[in-house]
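Undergrad: Positions in the sequence shown are counted from 1; adding 383 to them yields the working numbering.
I'd like to ask some things about the structure below.
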Amino acid sequence: MNNKEFITELAQRSGYNQRDTQKLVRTVIDEMTDHFAETDIISIPSFGTFEVKKRLERIVVNPATKKRMLVPPKLVLGFKPVQSIKEQLKNASFEDEEGGLDE
């Protein structure tokens with residue numbers, strides 16, 4: 384599902400027009416992004432938790448050249464879904480999906 388399809392579906396379900404729905408989605412994402420920059424944890428009930436985590440520096444090896452490289456530490460965004468979503472994904476069959484994971 385691309386952004387246009389998502390906004391269309393969300394607008395139909397909410398009863399708002401697509402323009403207002405797009406503006407609302409942008410506002411939510413902008414607000415979340417601002418809080419991620421402050422490394423805040425954002426928890427959305429019935430959905431999950433977004434958390435900024437620090438990934439430590441590590442040494443990796445390039446398989447082609449066997450050269451070792453140091454990867455510096457960085458911040459990464461993690462998401463942990465609520466248990467009900469995990470169960471839905473666990474019990475979903477690939478035959479029920481139109482395109483599966485290949486899309």
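Don't be surprised by glycine CBs; every beta carbon is placed ideally from N, CA and C.
Are there 16 or more other CB atoms within 10 angstroms of the CB of Gln-395, so buried, or fewer, so exposed?
TA: By the 10 Å Cβ count, Gln-395 comes out exposed.
Undergrad: Considering only their Cβ atoms, is the gap separating Val-459 from Lys-437 smaller than 9 Å?
TA: In this structure, Val-459 lies closer than 9 Å to Lys-437 by Cβ.
Undergrad: To the nearest angstrom, how far is it from the Cα of Phe-389 to the Cα of Pro-446?
TA: About 40 Å.
Undergrad: Going by C-alpha to C-alpha distance, which of Phe-419, Thr-410, Asn-474 and Ile-442 sits closest to Glu-434?
TA: Considering only alpha carbons, the answer is Phe-419.
Undergrad: Any idea if Thr-422 is buried or exposed, counting beta-carbon neighbours within 10 angstroms, 16 or more meaning buried?
TA: Thr-422 should be labelled exposed.
Undergrad: Taking the beta carbon of Thr-448 as the centre, do at least 16 other beta carbons fall within 10 Å, making it buried, or is it exposed?
TA: Flag for Thr-448 reads exposed.
Undergrad: Just to check my reading of the structure: Ser-397 and Thr-391 have Cβ atoms closer than 8 Å, yes? What is that Cβ distance to the nearest angstrom?
TA: Actually they are not in contact, since the Cβ atoms of Ser-397 and Thr-391 sit about 11 Å apart, beyond 8 Å.
Undergrad: For the candidate residues Ile-412, Pro-456, Asn-385 and Thr-416, whose alpha-carbon lies nearest to that of Leu-439?
TA: Here the closest residue by C-alpha is Pro-456.
Undergrad: Is any heavy atom in the ligand MG found nearer than 8 Å to the beta carbon of Asn-386?
TA: Among the components modelled here there is no ligand, and therefore nothing to report on the ligand MG.
Undergrad: Got a sec: is the Cβ-Cβ distance from Leu-453 to anything in chain B below 9 Å?
TA: Within the model displayed, chain B is absent; a lone protein chain is all it includes.
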